[in-house]
Structure formats: C-alpha cells, structure tokens
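Q: If you read the sequences in order, they're chains A and B.
The first sequence begins at 920 in the working numbering and counts up one residue at a time.
The second sequence begins at 553 in the working numbering and counts up one residue at a time.
For every residue, glycine included, the Cβ atom is placed at its ideal position computed from N, Cα and C.
Predicted model, so just to flag it, every value in this text is computed and none were measured.
Before anything else, here's the structure in question.
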Amino acid sequence: MPATGTVKVPDGKLIEVTLEATDRIEDVRLTGDFFLEPPSARADLEAAIAGHPTDVDRETLVEAIDGVDARLIGFDADHLAAATLEAIP
Amino acid sequence: MRLRVVDAGTYSEPVQQALERVLTDRLAAGEMEPTLRFWYRDAPAVALGRFQAYADEVATDYVADTGVDVVRRVTGGGAMYVEPGSVITYSLYLPRAAVDDDVAASYASLDAWTVDALRSLGVDASHEPLNDIAHPSGKLGGAAQLRSGDAVLHHTTLSYDLDVAAMLRTLRIGEEKVSDKAIASAEKRVARIGDHTAADRDSVIDAMRDAAGDRFDLVDGTLSDDAVAAARDLAAERFETDAWNRQL
C-alpha cells in the first residue's frame, strides 16, 4: 500500500510524497503546488529519495536531495525530507 | 524595453496552455520579441499546476459531468478555476537578462505594474510572497513562472468577479468542506477585483496597460498565424490528452 506524507511550508507550498516502504523506499511520487526548475528534476528528486532504507535519517535524505541539480522554489530539501519521513509508516 | 502587447485572440484552455510553451520557446530562440499577452477564453476550465495530482485538486465527478476542461500547465503552482469574462489572465514572455535571477524578487517586480494598476482603481492590492496578489480580504490572484533557455514566462490570473460557488464545486478545496463555516472560510480566501472597484473588467485591463506603459515601451501586436497553428498542433498532441493532464 502506498503511503503519503504531506508538509505545508509555512506561508508556502504544499509538498506531498507518496511512496512504498517495505525494506527500502520505493515508487516515490512527489506532487504539490511548488515550483521546480528545471521541471524535469522532479524525477531526479524522486530517484534521490528512492532506495534508502526505511529507517533512513533526515540528514541523509537532505544530503541526497541537495545532490540533485535543481532549483527548489517555495520549499527546500528539509521540507521534502520531512514529507518523506512522514510517509514511512 | 520595447514590449509588444497582444490583447486579442480567444482560445480553448488546451490551446492557451500550449501557447505558453510555444511562445516561451520562440522568445528563447530569438524568434519573438518580448511580449505581454492578455488571454480570452471560451469556456470554464481548471488550470492545474505542473506538479499537482489531478485527483487531489479536481472534483472528478463534477468535472466529468460538466465537461470542464482540466489542463495541466507548464508552470508549477496551484490549481486555478477560470471562467471567460470573470478572470483576467496575462502572460509576460521576457528574456532572462530582463528578469531578476532571484525568483522571489522577480515575482514581485513582474507583478508590480499590476499592483499599481489595481491601486490606481482604488483596490488595496499588494504583492504577497512568493507569488500571490492579495487584498486585505483575501487572495486576488496568483502568478507562476517558468525559466526555459533564455526565456522567462510569467503568467498571472486574477479574479474579477469569479463565481466562487462554481469554483468550490469544481476544485476539491470545496468538496470536503461540508460545513457552512468551512465554505465561508474558503470564500473569504478569494478576493475579487470587482468587489472593490466600480471599474468594469475592460477598464481594469486598460489600467493595466497604462501601468505597463509606465515601465515598458508598448507596441500593439498580434500572434502570428504560424505560432497559433503550432499551439493548436501542440494542444492536440499534449494539452488535450489525459497522458499529459492526468500524468499525476
């Protein structure tokens, strides 16, 4: 069953991460009313989150997300990491 | 800077959204001069943000019953419900060199002339970061940008006298809010230009042209037949298809 984590950035955007969490994070889908440049980087962010063990810590996720060559607008790597962790049951 | 103004042309929502891609690419390729375009629509529609999940935003049964077009934009941001004649949408297609590289600053500066225009009509409008135009009673509208190659697309939709009840039936923000209190709260978040000035919609657009004229050297123009034909082709190929509109 896919699970969803949602973070509302204060005075900002809604970040929603849907994923499968068995041993590892899989099938990541990032949606919301944020901005991202280039738009194609959404797949790169999803790939950066996927593959980590389900007990991954926030710093590791932030580091992986920061490694993606993209401009996150209306949210940052920490918001995305928080939404990811919230989705892990 | 010289800015061409295109204030004509009524298109379906898929063609409108396809024009955004085509005109941004033409500006980037040096095939089109910097342009301000006012939109004219032929039917109610939902313009969905590039990264939004269709089923999260749209009341799918209502939309299927009424045939409201739901079209995914090339820009991020939130879903907007739009109706012909009751919203004002405009697009700016500009070279990157003319736009602040700081995104937050660029939203403020590319909406500043609109805020000036509304204020000249007595509407207490202001830019609200990141990308909203607000009135003390709620949100008048929002902007969205795309940077692509050497081009920046900045488009903004404002409510003139939007049917808020229809908006709440179409978008899911209204769906789960069964209590009167919740609907009142959603209605409160939408502010409409027409509630705060006697100016009709055309006069608002005239005021916007005047305010743009304080910042740019305006020249009237029209879209080339070729650009419109390219947008119609792209609409058929992408913006009219579930593969694009329902990809998320």
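Shortest alpha-carbon distance to Val634 (chain B) belongs to which of B:Val675, B:Val622, B:Arg741, B:Pro596?
A: Looking at the Cα atoms, B:Pro596 is the closest of the given residues.
Q: What number of angstroms, rounded off, separates the C-alpha of Tyr642 (chain B) from the C-alpha of Pro1008 (chain A)?
A: So the two alpha carbons sit approximately 44 Å from each other.
Q: So, at 6 Å on beta carbons, what are the nonlocal neighbours of Ala922 (chain A) in its own chain, with the 5 sequence-adjacent residues on each side left out?
A: Excluding positions up to five away in sequence, the list reads Ala1006, Pro1008.
Q: Is the CB of Pro958 (chain A) under 8 Å away from at least one CB in chain B?
A: So, interface residue.
Q: Using 8 Å for Cβ pairs, my map puts Ala1002 (chain A) next to Thr925 (chain A). What's the rounded Cβ distance?
A: Contact holds; Cβ gap of about 6 Å.
Q: State yes or no: is the beta carbon of Val655 (chain B) nearer than 8 Å to at least one beta carbon in chain A?
A: Taking Cβ atoms only, chain A reaches closer than 8 Å to Val655 (chain B), which makes this a yes.
Q: So, under 8 Å CB-CB, Ala969 (chain A) and Val936 (chain A) are touching, yes? Tell me the CB distance rounded to an integer number of Å.
A: About 11 Å separates the two Cβ atoms, so there is no contact after all.
Q: What residues of chain A sit near Phe845 (chain B), judged by a beta carbon separation below 7 Å?
A: The structure shown has nothing for residue 845 (chain B), since chain B only spans 553 to 800.
Q: By a C-beta neighbour count over all protein chains shown, 10 Å radius and 16 as the cutoff for buried, is Gly582 (chain B) buried or exposed?
A: Answer is exposed; the Cβ neighbour count stays below 16.
Q: Could you tell me which chain B residues have their CB closer than 7 Å to the CB of Ile992 (chain A), listed as they occur along the chain?
A: Result: Val655.
Q: Can you tell me whether DSSP reads Phe768 (chain B) as helix, strand or coil?
A: In this structure, Phe768 (chain B) counts as coil in the three-state DSSP scheme.
Q: Is there a Cβ from chain A that is less than 8 Å from the Cβ of Leu682 (chain B)?
A: Yes, contact with chain A.
Q: What does the Cβ neighbour count give for Gln697 (chain B), buried or exposed, with the cut at 16 atoms within 10 Å?
A: Gln697 (chain B) is buried by the Cβ-count criterion.
Q: Listed in chain order, which residues of the stretch 570 to 581 of chain B have Cβ atoms closer than 7 Å to some Cβ of chain A?
A: Within the stretch 570 to 581 of chain B, no residue has a Cβ that lies closer than 7 Å to any Cβ of chain A.
Q: Who are the near neighbours of His748 (chain B) in its chain, counting only those whose CB is closer than 6 Å to its CB and skipping five residues on each side?
A: If we look at His748 (chain B) and ignore the five residues flanking it on each side, its Cβ neighbours are Val675.
Q: In chain order, what are the residue ranges of uninterrupted alpha helix (DSSP H) at least 4 long that sit wholly in the stretch 584 to 642 of chain B?
A: Listed in chain order, the complete alpha helix (DSSP H) runs (minimum 4 residues) inside the stretch 584 to 642 of chain B are 606 to 609, 612 to 618.
Q: Which class does Pro566 (chain B) belong to by DSSP, given the choice of helix, strand or coil?
A: In this structure, Pro566 (chain B) counts as helix in the three-state DSSP scheme.
Q: Spatial neighbours of Asp577 (chain B) within its chain, please: CB distance less than 8 Å, with the 5 preceding and 5 following residues excluded, ordered by chain position.
A: Ser700, Gly701, Ala703, listed in sequence order.
Q: Given a cut-off of 8 Å, decide if Leu646 (chain B) and Pro586 (chain B) are closer than it, judged by their beta-carbon atoms.
A: Yes, Cβ-Cβ distance for Pro586 (chain B) and Leu646 (chain B) is below 8 Å.
Q: Tell me the residue span of the beta strand (DSSP E) that contains Ser711 (chain B).
A: Residues 703 to 711.
Q: Once DSSP output is grouped into helix, strand and coil, what is the label at Ile1007 (chain A)?
A: In the structure shown, Ile1007 (chain A) sits in coil (DSSP, three-state: anything other than H, G, I, E or B).
Q: Helix, strand or coil for Gly924 (chain A) per DSSP?
A: If DSSP states are grouped into helix, strand and coil, Gly924 (chain A) belongs with the strands.
Q: Ala1000 (chain A) and Val987 (chain A): beta carbons closer than 8 Å?
A: No, the Cβ-Cβ distance between Ala1000 (chain A) and Val987 (chain A) is not below 8 Å.
Q: What did DSSP end up calling Ala580 (chain B) once you bin it into helix, strand or coil?
A: Ala580 (chain B): helix per DSSP, three-state reduction.
Q: Please report the distance separating the alpha-carbon of Leu818 (chain B) from that of Asp997 (chain A).
A: In this structure chain B extends from 553 to 800, so residue 818 (chain B) is not present and cannot be described.
Q: In the DSSP assignment, what are the bridge partners of Pro647 (chain B)?
A: Looking at the DSSP assignment, Pro647 (chain B) forms a beta bridge with B:Ala703.
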